[in-house]
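Taking it in order: structure first as structure tokens, then the write-up.
In this note's numbering, the protein residues as written are 38 to 136.
As structure tokens, this is what we get:
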């Protein structure tokens, strides 16, 4: 049985500006930018592994931090668990992402 996509909230704190730019560029290939260091990514298992592998090659593991929070199926909880104060950002619709 094939695994479907899950929605992840990815937030990062990168201590070096060069690594920060590389992480941001990497993340643009996997998701939608909510804020500069916060992304929503709809990924299957293989895409999640690829994203983690790419990020692991960029960050300094003793200084930088990346949080990846599984918030569920993009068409269910992965969409309904968001609420905003102030200007809201339109959430991506679920569906395949071509990288």
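Ideal placement from N, C-alpha and C gives every residue a C-beta, glycine not left out.
Keep in mind that this is a model prediction, so the values were computed, not measured.
Using DSSP bridges, identify the partner residues of residue i.
i: residue 78; result: 45
i: residue 113; result: Note: residue 113 sits in no beta bridge, so no partner.
i: residue 104; result: 48
Under 8 Å by Cβ, that's how I've got residue i and residue j pegged, so tell me the actual separation to the nearest angstrom.
i: residue 44; j: residue 77; result: 6 Å
i: residue 110; j: residue 50; result: Rounded, the Cβ-Cβ distance is 28 Å, inconsistent with contact.
i: residue 88; j: residue 67; result: 5 Å
Does residue i come out as helix, strand or coil in the three-state DSSP assignment?
i: residue 136; result: Low confidence applies to residue 136: its pLDDT is 49, below 50, so where it sits in the model is not reliable, and the reading given next is rough at best. Looking at residue 136 - three-state DSSP - the assignment turns out to be coil, as it is neither helix nor strand.
i: residue 54; result: helix
i: residue 93; result: helix
i: residue 84; result: helix
Of the choices the options, whose alpha-carbon is the least far from that of residue i?
i: residue 93; options: 68, 42, 57; result: 57
i: residue 82; options: 54, 107, 48; result: 107
i: residue 63; options: 103, 112, 113, 109; result: 103
i: residue 60; options: 84, 97, 80; result: 97
i: residue 70; options: 48, 99, 89, 118; result: 48
i: residue 55; options: 75, 95, 90; result: 95
i: residue 41; options: 53, 75, 79; result: 79
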